[in-house]
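Numbering (the UniProt record's numbering), first residue to last: 1 to 85. Note that beta-carbon positions come from the ideal geometry of N, C-alpha and C, so glycine has one too. Since we're looking at a predicted model, the values are computed, not measured.
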């Protein structure tokens, strides 16, 4: 579903604009991780930045809306990676 939506967007962009222009750019590391690893058996994804969480939620709502509730903001005073060592 994601790849089909991406392909459709690329085709439409190529019809709407004349060359040269950037038609596609790979997502950032957060979006790539969500896209590649988020599955039904993952309980939650903790993100410790409001901006990154908003970006992740925007992506999730477009391509995997059923997982939007799994994207959560980590707000504990203990740094995220220290918490789970």
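Look at residue i and residue j and say whether their C-beta atoms are less than 7 Å apart.
| i | j | result |
| --- | --- | --- |
| residue 33 | residue 47 | no |
| residue 70 | residue 51 | no |
| residue 53 | residue 38 | no |
| residue 10 | residue 24 | yes |
Which class does residue i belong to by DSSP, given the choice of helix, strand or coil?
| i | result |
| --- | --- |
| residue 46 | strand |
| residue 30 | helix |
| residue 78 | coil |
| residue 41 | coil |
| residue 24 | coil |
| residue 68 | helix |
Going by DSSP, what residue range makes up the alpha helix (DSSP H) through residue i?
| i | result |
| --- | --- |
| residue 10 | 2 to 16 |
By the DSSP assignment, the beta strand (DSSP E) with residue i in it spans what residues?
| i | result |
| --- | --- |
| residue 73 | 71 to 73 |
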